[in-house]
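Written out below as structure tokens is the structure these notes cover.
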Amino acid sequence: MESQRVDMFLMSHNKYFESYHLMEIKDLLTKADDSKFTNVQIQQYKDPTTVLIVSLLAGPLGIDRFMIGDTGLGIGKLLTCGGFGIWAIIDYFLIMGATKSKNFEKLVQSLSY
């Protein structure tokens, strides 16, 4: 695939991924054919800032974990009221990284089809 399209994708979607994943994403997209690049472009990635805001407002209910696809952790947070508040506070610092990691997993999975 042409590098200009890959660079445009990275510039417009860099907030959805960790900075250390960007070079790997560039390599994966450069090696992919155009049909797989279309799969990557139609994916809807979760905005880490939005998930952080949800975590701040409703973190003890586990809604932030449900949003990013961690259903098991979401149920655990819901049943323990955010780990009695401790888990909710820890997630304020970790949820953005977890969201970016889930977005990276979604991108890699869409390239494998």
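Every letter in the sequence shown is one number past the one before it in my numbering, and letter 40, counting from 1, is 429.
The C-beta atom is built at its ideal place from N, Cα and C for all residues, glycine as well.
What you are looking at is a predicted structure, and each value in this text was computed from that prediction instead of being measured.
Apart from the 5 residues on each side of it in sequence, Gln430 sits with its Cβ closer than 8 Å to the Cβ of Phe398 in its chain, given in chain order.
Contact annotation: Lys435 and Asn492 have beta-carbon atoms nearer than 8 Å. Counting C-beta pairs closer than 8 Å gives three or more between the region 394-412 and the region 478-497, which meets the contact rule. In the three-state DSSP reduction, Asp453 falls in the helix class (H, G or I). For Val395 and Phe473, the gap between their C-alpha atoms comes out near 44 Å. Beyond the five residues adjoining it in sequence on each side, Leu441 comes within less than 7 Å, by CB distance, of Ile484, Met485 in the same chain, given in chain order.
Boundaries of the alpha helix (DSSP H) harbouring Asn492: 475-501, taken from the DSSP string.
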